[in-house]
Amino acid sequence: MYSPKPLFEERMKALLESPEDYEKFLEYAKLPLPRTIRCNTLKISAQELKQRLEEKGWKIRQPFPEYPEIMIVESVLQPGELGKSIEHVMGYYYIQEMSSMMPVIALQPKPGEIVLDLCAAPGSKTTQMSAFMQNAGTIIANDNRIDRIQILASNLERCGCMNVIVTRNDGVQLCERLAGAGMKFDKILVDAPCSAEGNVRSNQKTLLMWNIRMIEKLGRMQKKLALSAFQLLKEGGEMVYSTCTHAPEENEAVVDFLVKNFNAQSEKISLPLKCRQGITEWGNGKLEFSQEIKSACRIYPQDSNTEGFFVAKVKKGV
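Quick note: the sequence shown uses UniProt numbering, first residue 1, plus one each step.
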């Protein structure tokens, strides 16, 4: 494992509750992630998939009774076996880290709604939303890179997602075009590009690449993305903003920007994973956030044996 840079260590210690909590964070950062999959209920029920996989000799655990589609594969598999199985090829399941499933659970898209997935590739959350919506309604799934769009389109086809329109645009520019066309959305997901501090377990190079200037630059870009998307919500519509990082500049600061300056109300979220509430100040008082931001969810690796994530939901006032 690469050694964390001193400033990264200092910041994580300030975010966590105690020195022991930070040591536990480092301990989990060195551990391999559990193998988690999400049953694609557009093609098969969770019960049927579990039975099929167990007949192959796989040990399957469903940790959340309210979300039986979330499965942990506890067997020792051959390298690449999870992605080469006939069930995966047929689109019966999607290989997805558990914390990555939480933004869509927070958003709760419903059949018949009009939904925007602004930063959609490679499609884990788009396919999850399509399943929530039972292929009814419309999802506009956008990304700005052709190589990522190709992966997105492939995953949508494999999973049988029929209610998705794929677009390739800069996120802010797409929002401007949609606004110009008078488009409004019931639900929006902004799973923003970020510094990926939460992905240390799957990519140790994150620690090597980490620098504060990148975080500050990303924070400015994320505010533009979040605001552009928020303005496309219908009155009473909901938007989930999520990242796979711990940096407050990329998380609470972005949501606080919407709450303090626009007609955004931070909403309480119910997730099956253990969550810690959003923080209300950072940097010894250099940044102060609205008390509403406590309703956001911080997911740390040591709490539920996952990667790190941040999930917040805002509602557009009437």
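Just so you know, even glycine gets a beta-carbon here, dropped at the ideal spot from N, CA and C.
Quantities reported herein were computed from a predicted structural model and do not represent experimental measurements.
Any non-hydrogen atom of the ligand PLP closer than 7 Å to residue i Cβ
i, result
"residue 180", "You won't find the ligand PLP in this model; it holds no ligand whatsoever."
For residue j and residue i, the rounded distance between their alpha carbons
i, j, result
"residue 193", "residue 159", "24 Å"
"residue 128", "residue 141", "12 Å"
"residue 177", "residue 111", "25 Å"
"residue 134", "residue 284", "47 Å"
"residue 225", "residue 171", "6 Å"
"residue 94", "residue 47", "16 Å"
"residue 7", "residue 246", "13 Å"
"residue 25", "residue 205", "17 Å"
"residue 231", "residue 53", "44 Å"
"residue 233", "residue 79", "43 Å"
"residue 299", "residue 308", "5 Å"
"residue 96", "residue 290", "32 Å"
Reference residue i, options the options, closest by Cα
i, options, result
"residue 49", "98, 29, 33 and 86", "86"
"residue 306", "23, 99, 37 and 92", "99"
"residue 202", "145, 275, 29 and 4", "29"
"residue 209", "89, 266, 196 and 220", "196"
"residue 268", "253, 287 and 295", "295"
"residue 180", "266, 229 and 318", "229"
"residue 106", "17, 286, 275 and 258", "275"
"residue 218", "310, 254, 204 and 233", "254"
"residue 169", "270, 32, 154 and 144", "144"
"residue 63", "55, 20, 74 and 57", "74"
"residue 286", "249, 264 and 155", "249"
"residue 236", "265, 150, 10 and 13", "265"
"residue 262", "314, 301 and 213", "314"
"residue 90", "102, 155, 120 and 148", "155"
According to DSSP, residues forming a beta bridge with residue i
i, result
"residue 314", "239 and 266"
"residue 297", "277 and 311"
"residue 341", "Nothing can be reported for residue 341, as the shown portion of the chain is limited to 1 through 318."
"residue 191", "242"
Whole-angstrom C-beta distance between residue j and residue i, which should lie under 8 Å
i, j, result
"residue 137", "residue 114", "6 Å"
"residue 70", "residue 36", "7 Å"
Do three or more CB pairs link the region 159-179 to the region 34-47 at distances below 8 Å? yes
Touching or not, the region 232-244 and the region 173-192, by the rule of three or more beta carbon pairs under 8 Å? yes
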